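K.L.:
Quick one: the structure is below, and I'll ask about it shortly.
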Amino acid sequence: MTFNKTTTYALMILTHMAKHPDMNVSATMLSKDLHIPLQYCRRILTDLTNKDLLRSIHGRKGGFVLVKPSKEIYISEIVEAFEGFTNVHRCIMGFENCPVEKGSHCVLHTSFDSARKQFISILKNTTLDNFILDDKLIS
């Protein structure tokens, strides 16, 4: 399972911000630090603000800050905000209409269903705090 580029960038932005919780960060600073194109970064910041994960502070010393502590922001919230769990529920074999819906199972259904549930559980139980505690996850 991989995330789309926007979700990955959002995770990078939020992790960076969680590492510096007392700073107001600007789109320009994030764009430079994380090597994200500025317009794309601005769009993601707007989306994060609209999804109530960030707060925008206007004015000369403005920028963006996390709405709540990193230990209260779950990775599942971020994934849900940008791509949802649609990809996670697709058939691993690539069938457009999963045979499961018709009462039968594809050869990998049972094994993958267990992995899918575990993956979703990990996302729902992992916070941004977990990411900043392990710098190897996202830099």
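Using this note's numbering, the first residue of the sequence shown is number 67, and each one after it goes up by one.
Even glycine gets a Cβ: it sits at the ideal position worked out from N, Cα and C.
Just so it is clear, the structure is predicted and the values come from calculations on it, not from any experiment.
Where does Met83 land, buried or exposed, given buried means 16+ other C-beta within 10 angstroms?
P.N.:
Buried, because 16 or more other Cβ atoms sit within 10 Å of the Cβ of Met83.
K.L.:
Just to confirm the assignment, what range does the alpha helix (DSSP H) spanning Phe130 have?
P.N.:
Here Phe130 belongs to no alpha helix (DSSP H); instead the beta strand (DSSP E) covers Gly129 to Leu132.
K.L.:
For Leu120, name the three-state secondary structure that DSSP assigns.
P.N.:
strand
K.L.:
Distance check for His86 and Ile144, CA to CA, integer angstroms please.
P.N.:
Their backbone Cα atoms lie some 19 Å apart in a straight line.
K.L.:
Enumerate in chain order the residues of its own chain whose CB-to-CB distance from Leu77 is below 8 Å, with the five nearest sequence positions on each side excluded.
P.N.:
Within the same chain, Leu77 has close Cβ partners Phe69, Ile141, Ile144, Phe197 and Ile204.
K.L.:
From what residue to what residue does the alpha helix (DSSP H) around His175 run?
P.N.:
His175 to Asn191
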